[in-house]
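Heads up, the thing below is written out as structure tokens.
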Amino acid sequence: MKILVTGGAGFIGSHTVAALQQAGYDVVIADNFSNSKPAVLENIRKITGRDFKFYETDVTDTASVEKIFAENKIDGIIHFAGFKAVGESVELPLKYYSNNLQSTVVLADACIKHGCNKFVFSSSATVYGDNDIPFAETMPLKKTTNPYGETKAINERILTDTANANKGFNVALLRYFNPVGAHESGLIGEDPQGIPNNLMPYIARVAKGTLKKLSIFGNDYPTKDGTCIRDYIHVMDLAEGHVAALAKMPQGVSVYNLGTGKGISVLELVTAFEKANNLTIPKKFAPRRAGDLAEYYADASKALRELGWQTKRTVEDCCRDAWRFEKNNSK
Ligand code: UFG
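The C-terminal position of the sequence shown is numbered 333 in the numbering used here, with every residue numbered one higher than the one before it.
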């Protein structure tokens, strides 16, 4: 089976390529390095000892995508490529809507033309909006809080409508909770450009001394310690969730939460990082960040029931692996 991975040089994409190759799949990567580095590709090869075909391509471009499908018999696609900075999406909504929606339209169209009948989409728990917890796949979705989140929700609808109109074209919508950590080798991991927006890479850079102090956004939420609660999932568990979804994909449209099913607070994650790595993270409390929900985590039972997948790694593994990657990284 040959799988096209868009955004395969990115954080979740690169780990998923490694997991796919380790499971015996042939991989073709398309990435334009808009938020990733070419060196990642060599590191994936080092991990798996296997090669893949690579296209430096913007997947919103119909002709470039057509070329990939013409040159390779693609059996399935995992579509990660997209912009993902929540704050930037509020400032530049059209950048997000044009890129994140156009790529899905172009890729789904190519799949149908070329008889590729498995499409795995990189969605997000953000599509649930402010909903009851735990978030379950059966819930009606509520409005998301930003254009980035809207692109995930709209892409889910684009792919659902396309699958409904094209019998035999099967779609798995994977809703990620909070991916963290890095490959156990320390060779690939999360490497955001500039100041990280997300908690774990921020903590890792404070640990390294690149950033001085972690600001904890809000300590007056209605939670056990006043800080927000999230479901942090190790990126290799998440990657293996994609392999499971490809292998067991039902006919038509299916939706799966990929999370641990357990929420922990910002303070608990910081403490876990300090303990796992035997260091201290300088921190202070700061005002709430706009758009943050107090608490959510996954109902992860459907993926276990239908895909036979569940997370295996602990929060300590996440913290240890994130730090190993940060230390190895030259910045
Ligand atoms: N936080 C801090 N300080 C920081 C960064 C984050 O206290 O420097 C807090 C946030 O306020 C939040 C928690 O850490 O309470 C997690 O924040 P992240 O930015 O790491 O993650 P989010 O839960 O906000 O968002 C993530 C992804 C989005 C995705 C969303 C889906 O970044 O892409 O989950 O639920 F849409």
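Every residue gets a Cβ at the ideal spot worked out from N, C-alpha and C, and that includes glycine.
Quiz item: Taking 7 Å as the cut-off, does the CB of S126 come closer than this to any heavy atom belonging to the ligand UFG?
Solution: yes
Quiz prompt | Neighbour-count burial assignment, A11, 16 or more Cβ in a 10 Å radius | solution = buried
Exercise. Could you check what DSSP says for P252 in three-state terms: helix, strand or coil?
Key: coil
Exercise. Determine the contact status of A2 and P203, defining contact as a CB-CB distance below 8 Å.
Key: Shown here, the chain extends from 3 to 333; a query on residue 2 therefore has no answer.
Exercise. State the Cα-Cα distance for the pair L309 and K214, rounded to the nearest angstrom.
Key: 42 Å
Quiz item: Any heavy atom of the ligand ATP closer than 7 Å to the CB of Y98?
Solution: Among the ligands modelled here, namely the ligand UFG, the ligand ATP does not occur.
Practice problem: Tell whether a beta-carbon distance below 8 Å holds between F123 and H81. | Solution: yes
Self-check item: Close beta carbons around G170, own chain, < 7 Å, minus the five adjacent residues each side
Solution: N119
Quiz item: Would L281 be called buried (16 or more neighbouring beta carbons within 10 Å of its own) or exposed?
Solution: exposed
Practice problem: Could you check the C-alpha separation between P95 and D63 for me, to the nearest Å? | Solution: 20 Å
Quiz item: From K48 to S38, what distance separates their C-alpha atoms?
Solution: 17 Å
Self-check item: Candidates L271, G51 and I70: closest to E58 by CA position
Solution: I70
Quiz item: In three-state terms, what does DSSP make of L143?
Solution: coil
Quiz item: According to DSSP, what are the bridge partners of L176?
Solution: S124 and Y258
Practice problem: Take V108 and list the residues in its own chain whose beta-carbon comes closer than 8 Å to its own, dropping the five residues that flank it on each side. | Solution: V61, T62, D63, T64 and V67
Self-check item: Nearest-angstrom Cα separation, counted from A21 out to N102
Solution: 24 Å
Quiz item: Between G15 and A241, what straight-line distance do the alpha-carbon atoms span, to the nearest angstrom?
Solution: 8 Å
Self-check item: Residue from D294, R52 and C320 whose Cα sits closest to the Cα of Y234
Solution: C320
Quiz item: Considering T273, what are the terminal residues of the alpha helix (DSSP H) in which it resides?
Solution: V268 to N279
Quiz item: Measuring from the CB of F219, is there a heavy atom of the ligand UFG at a distance below 7 Å?
Solution: yes
Quiz item: In chain order, what residues of the same chain have a beta carbon less than 6 Å from the beta carbon of F179, not counting five sequence neighbours either side?
Solution: A127, D233, I235, G261 and A300
Exercise. If I'm right that G117 touches M3 with Cβ under 8 Å, what's the distance once you round it to whole angstroms?
Key: So it is not a contact: roughly 14 Å between Cβ atoms.
Exercise. Leaving out five residues on either side along the sequence, give the residues of the same chain with a beta carbon under 8 Å from the beta carbon of A324.
Key: V182, G183, A184, G191, E192, M202, P203, I205, A206 and F275
Quiz prompt | Same chain, Cβ closer than 8 Å to K226, neighbours up to 5 away in sequence not counted | solution = S267
Self-check item: Classification of Q23 by the beta-carbon crowding that lies within 10 angstroms, buried from 16 upward
Solution: buried
Quiz item: Is N101 near the ligand UFG, judged by its Cβ being under 7 Å from some heavy atom?
Solution: no
Exercise. Please indicate yes or no: does the CB of D294 lie closer than 7 Å to some heavy atom of the ligand UFG?
Key: yes
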